[in-house]
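Written below as structure tokens is the structure these notes are about.
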Amino acid sequence: MSDLLHVFIGESRENLESASLLLEKLHSDGYSQDAIDNVFRDLHTIKGSSDLFDIKPLTSLAHAAEDLLDSLRDGSTPLNESLCDLLLEALDQISNWFDELESGSENVEKWQPISTELAGRIRACIHADTGDADGGESEQAAQQSEASASVSAAPESFLALGSQTQLQCIEAALECEQPLWQVNYTPDSDCFFRGEDPLTVAKNTPELIAIEVTPSKDALNDVFQCHLDIVVHSSADDTAIANHFAYYEGQYQRESIALGQLVSAFWAASEEYLVAAEQGELWQAYLDGEMQHSARLAEMVGMGEDVTPEEAAMCRIFQLICQSDSLTALLESVTHPADNDSVDVSSDTPLQQHQANETPEDAGVNQARNEILSQQLIILQSMNNNADSPVFPSVKRIVTGLLGESHSQEASTPNQLANAIEQVLSATTPVETEEAPEQAATPVIEESTAAPETTETVSENAESAPKQERQAPKTLKVNQEKIDYLMDLIGELTVAKNSLPYLAKQAEDIQEGRKLSKQIKAHFSIVNRLTEELQSAVLQIRMVPVSHVFQRYPRLVRELARKLNKKIDLVMQGEDTEFDKNLIESLSEPLIHLLRNSIDHGIEAPSDRGAAGKSETGTIVLSAMPQDDNVVIEIRDDGKGIDAEKIKMLAYQKGIIQEHQLDTLTEEESLQLIFAAGFSTSEQVSDLSGRGVGMDAVRTMVAQAGGTIEMQSKVGEGTQFKLILPQTMSVNRIMMFEVNHQMFGIGLDSVVETVKVSQRDIELIRNNPVLMLREKIIPLHCLRTLLQLPVSDNESDEVCVLVVNNGQGDFGLIIDKFHEGIDVIQKPLEGVMAGFNHFSGTALLGDGRVLLIINLQELLSCR
Numbered sequence: 055m056s057d058l059l060h061v062f063i064g065e066s067r068e069n070l071e072s073a074s075l076l077l078e079k080l081h082s083d084g085y086s087q088d089a090i091d092n093v094f095r096d097l098h099t100i101k102g103s104s105d106l107f108d109i110k111p112l113t114s115l116a117h118a119a120e121d122l123l124d125s126l127r128d129g130s131t132p133l134n135e136s137l138c139d140l141l142l143e144a145l146d147q148i149s150n151w152f153d154e155l156e157s158g159s160e161n162v163e164k165w166q167p168i169s170t171e172l173a174g175r176i177r178a179c180i181h182a183d184t185g186d187a188d189g190g191e192s193e194q195a196a197q198q199s200e201a202s203a204s205v206s207a208a209p210e211s212f213l214a215l216g217s218q219t220q221l222q223c224i225e226a227a228l229e230c231e232q233p234l235w236q237v238n239y240t241p242d243s244d245c246f247f248r249g250e251d252p253l254t255v256a257k258n259t260p261e262l263i264a265i266e267v268t269p270s271k272d273a274l275n276d277v278f279q280c281h282l283d284i285v286v287h288s289s290a291d292d293t294a295i296a297n298h299f300a301y302y303e304g305q306y307q308r309e310s311i312a313l314g315q316l317v318s319a320f321w322a323a324s325e326e327y328l329v330a331a332e333q334g335e336l337w338q339a340y341l342d343g344e345m346q347h348s349a350r351l352a353e354m355v356g357m358g359e360d361v362t363p364e365e366a367a368m369c370r371i372f373q374l375i376c377q378s379d380s381l382t383a384l385l386e387s388v389t390h391p392a393d394n395d396s397v398d399v400s401s402d403t404p405l406q407q408h409q410a411n412e413t414p415e416d417a418g419v420n421q422a423r424n425e426i427l428s429q430q431l432i433i434l435q436s437m438n439n440n441a442d443s444p445v446f447p448s449v450k451r452i453v454t455g456l457l458g459e460s461h462s463q464e465a466s467t468p469n470q471l472a473n474a475i476e477q478v479l480s481a482t483t484p485v486e487t488e489e490a491p492e493q494a495a496t497p498v499i500e501e502s503t504a505a506p507e508t509t510e511t512v513s514e515n516a517e518s519a520p521k522q523e524r525q526a527p528k529t530l531k532v533n534q535e536k537i538d539y540l541m542d543l544i545g546e547l548t549v550a551k552n553s554l555p556y557l558a559k560q561a562e563d564i565q566e567g568r569k570l571s572k573q574i575k576a577h578f579s580i581v582n583r584l585t586e587e588l589q590s591a592v593l594q595i596r597m598v599p600v601s602h603v604f605q606r607y608p609r610l611v612r613e614l615a616r617k618l619n620k621k622i623d624l625v626m627q628g629e630d631t632e633f634d635k636n637l638i639e640s641l642s643e644p645l646i647h648l649l650r651n652s653i654d655h656g657i658e659a660p661s662d663r664g665a666a667g668k669s670e671t672g673t674i675v676l677s678a679m680p681q682d683d684n685v686v687i688e689i690r691d692d693g694k695g696i697d698a699e700k701i702k703m704l705a706y707q708k709g710i711i712q713e714h715q716l717d718t719l720t721e722e723e724s725l726q727l728i729f730a731a732g733f734s735t736s737e738q739v740s741d742l743s744g745r746g747v748g749m750d751a752v753r754t755m756v757a758q759a760g761g762t763i764e765m766q767s768k769v770g771e772g773t774q775f776k777l778i779l780p781q782t783m784s785v786n787r788i789m790m791f792e793v794n795h796q797m798f799g800i801g802l803d804s805v806v807e808t809v810k811v812s813q814r815d816i817e818l819i820r821n822n823p824v825l826m827l828r829e830k831i832i833p834l835h836c837l838r839t840l841l842q843l844p845v846s847d848n849e850s851d852e853v854c855v856l857v858v859n860n861g862q863g864d865f866g867l868i869i870d871k872f873h874e875g876i877d878v879i880q881k882p883l884e885g886v887m888a889g890f891n892h893f894s895g896t897a898l899l900g901d902g903r904v905l906l907i908i909n910l911q912e913l914l915s916c917r
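Numbering-wise, the sequence shown is residues 55 to 917 according to the numbering used here.
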């Protein structure tokens, strides 16, 4: 990525953030001329800068949003909530494209249809309130687009399937007269390590028709990773497919193939066979309008002895079409797309002259013809110039019928025929004026909004998230005073450093080593102090206000509340509290889970709140406050609260606890069960809840960040979650210890105490070792056993026990030797070691050894 493009993306992200905040304000507070003017300027800047890099889809989408904002400024279009949502959707899409540009995975060709569809919806809002005449024109354009949609080609990925799979899918969809859904599922490469089975997921797709599995290009790189591309076809509805694949967000895309497109694909594959001499009577009966007779003949032909499976499928599909009036109409639109006699494109009459002399009726015919030619051009381009393709003869006959022999008789390959079509289309396209791109976009826009059977790719994300994981911006805005202070410290450090060579020179003249040692230690203390202050200053630069993340949540709460038909106010407090930038970015996802939990499970429906004597509008408070060296983030609601007894019963029914625990668990311990893996209070699985992975993921991510989570709830009054997190993750205080001559470490905040006891003090309860320490039972775990290290040959009677707390209670780790505590900068595990979750990271010691830092939660879960 060039430096100029990097600067453009960084500046544009600031514009997007500013515009998003202003649109949220417009959504909540209503019309504000200043806010609209500022959003307009932000979009105008993005549009103008993107044009320098020739990113046309991005430029077009920004231009459409700018036009809508311009109409809002002059009052020709009234502001409402749907317009704010549409503009926010456009900003999200532009942000997604910036993510792809940063990662180098952009595909501008695939961006174009997304830009056209979204820009069309935006421009349609500009003239939504115009007069009846405009409405009549829009209705006429919608009818034309609907007609063109009925003869549009199926997606290239569907046409590339084998003929037998194609026909199988077409037959199943036409039989129930429902659109076909094509799901392109690419599992994560490390899905096996999470216990996932992609093939089983694909086979369990509702209303499954066909599956195709192919290895990806990287299939031979690592046999322990998944490298598959799975294509699933189903006749289920959109909701059923979305629910089935909801757990695999970002790993799939689904695409609807309309009935008209399926009929078009069927005709392209079977035309030559159906109109052949052997089936002449069948085709003639269809042309004569005798549909019942055609259906019976198709059934008879398909049962012939010499009929291949593909031919039998063609006959069955043709029979289905003849038995349905709607499918017959679709086939008619494919086989007779336009009145060919009305289109005069012979070589004797130039196309430009014909266009100049055409009547309004001729213009409509030409428009329909050009739409059909454009679809045939797409099919030809997908053939890769293969003249032996079974589809080519059919396409050539259609093009010949539209253009005449003079334009297509010399075209013997798909590329030559495609060139002939391009020449005709370019000759009939009027010269564009300065405003032509906007005008040309209008018919396409209306087509995408008026024709439900056109191909549509749906990105699976409930919160409009990007397909790939969003990369956090690398740019920090730093106060000038902090930089000046940092430079002062560096100057002092340089002076202190330069004094060390002077001391070394003095060593040649000083006889008493103790005196020299004292001087060196004194200078070392100065260097150490400056280093610590420098470290603190650098960490202060990394601190950002939590508003950096909090500002994303008002829109999330508003959209989910609308989806669930609830009234919710989000109150944010302490937004100026500073937090380590990397830490707050890593906690964005847990906070989303907690907010969704409060919205879905906590806040009641307006009717239920009214019956309980509460206000119909629920309140969720999201606050942040500093506490010593930590930051406390609270999420509390005034909803229905959590019933501890109900939680216990649900946990028992799901097999999370045993029957004897029903009477022994305290209320606080019962509430903690909501963090258990697989636990959910939802009876039905939805795109919001019911899978039992949200709260478990929250606790895991908070623990990985070095924090703890607390919860309080009272039935009928509400629930409060409290996240206690370190203010910075860069420097950690670690307690070192030794096992099998290898150094290990554990966070000092998890250490309760260190003790040395005799082997005789260790007792067994149900064959598990425990230690009675000050009248408290401490369960013991041998770290050698947990890490699968060799058994110690030390016969000493003394045992070293490191007592730690993992948030659920105290327990002891049996180790070999204690060491001191040190400050380290923890590094994450990479490469092969990245799969060892029982280690949270590594640090480099002064003698060159590597310190492995234990992850208590994962270590105990794997025992």
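We put the CB at the ideal spot given by N, CA and C, even for glycine. These figures come from a predicted structure and were not determined experimentally.
Burial state of residue i (16 or more Cβ within 10 Å)
i                 : result
valine 475        : Correcting the residue type first, residue 475 is isoleucine in the shown sequence and not valine. By the 10 Å Cβ count, isoleucine 475 comes out buried.
aspartate 442     : exposed
tyrosine 306      : buried
asparagine 69     : buried
proline 363       : exposed
alanine 118       : buried
leucine 867       : buried
valine 399        : Residue confidence is low: valine 399 scores 34 on pLDDT, short of 50, so the model does not pin down where it sits. No coordinate-derived value is stated.
aspartate 146     : buried
phenylalanine 247 : exposed
serine 114        : buried
alanine 187       : Only weak support exists for where alanine 187 lies, its pLDDT of 35 falling under 50; the coordinates are left without a value.
alanine 666       : exposed
alanine 73        : buried
arginine 616      : exposed
aspartate 379     : exposed
aspartate 121     : buried
alanine 227       : buried
glutamate 658     : buried
Whether residue i touches residue j by CB criterion (8 angstroms)
i              : j             : result
lysine 635     : valine 598    : yes
isoleucine 907 : glycine 799   : yes
isoleucine 90  : arginine 127  : yes
asparagine 794 : glutamine 880 : no
lysine 620     : glycine 695   : no
valine 857     : glutamate 792 : no
Closest Cα partner of residue i within the set the options
i              : options                           : result
histidine 692  : Arg663, Ile295, Ser846 and Thr268 : Strictly speaking, residue 692 in this sequence is aspartate, with histidine absent from that position. The option with the nearest alpha carbon to aspartate 692 is Arg663.
aspartate 139  : Gly356, Lys621, Ser82 and Leu837  : Ser82
alanine 322    : Ala296, Ala207 and Lys881         : Ala207
valine 811     : Leu843, Ser103, Val805 and Lys871 : Lys871
aspartate 292  : Val277, Ala312, Phe278 and Cys280 : Ala312
glycine 772    : Ala731, Gly863 and Ile674         : Ile674
histidine 602  : His98, Leu141, Phe62 and Arg67    : Arg67
valine 215     : Leu234, Val285 and Gly158         : This sequence places leucine at residue 215; valine is not what is there. Checking every option, the nearest Cα to that of leucine 215 belongs to Val285.
asparagine 859 : Leu648, Phe299, Met368 and Gly801 : Gly801
glutamate 943  : Leu282, Ala319 and Glu229         : A question about residue 943 goes unanswered here, because the residues of the chain that appear run from 55 up to 917.
Counterpart residues of residue i in DSSP-defined beta bridges
i                 : result
phenylalanine 939 : The chain is shown from 55 up to 917; residue 939 falls before or after that span and cannot be answered.
threonine 808     : Leu856
histidine 835     : Leu867
alanine 897       : Leu905
isoleucine 180    : Per DSSP, none; premise fails for isoleucine 180.
CB contact check: residue i to chain B, cutoff 8 angstroms
i           : result
leucine 588 : No chain B is part of this structure, which consists of one protein chain only.
**Request:** Could you name each continuous alpha helix (DSSP H) segment of 4 residues or more that falls completely within the stretch 637 to 702, going from the start of the chain to the end?
**Result:** 642 to 651 and 660 to 665
**Request:** Scan the stretch 233 to 310 and note each continuous beta strand (DSSP E) run of 3 residues or more that stays entirely inside, going in chain order.
**Result:** Within the stretch 233 to 310, the complete beta strand (DSSP E) runs of at least 3 residues are 234 to 239, 262 to 269 and 282 to 288.
**Message:** Could you tell me which whole alpha helix (DSSP H) segments of length 4 or greater appear in the stretch 55 to 91?
**Reply:** 57 to 83
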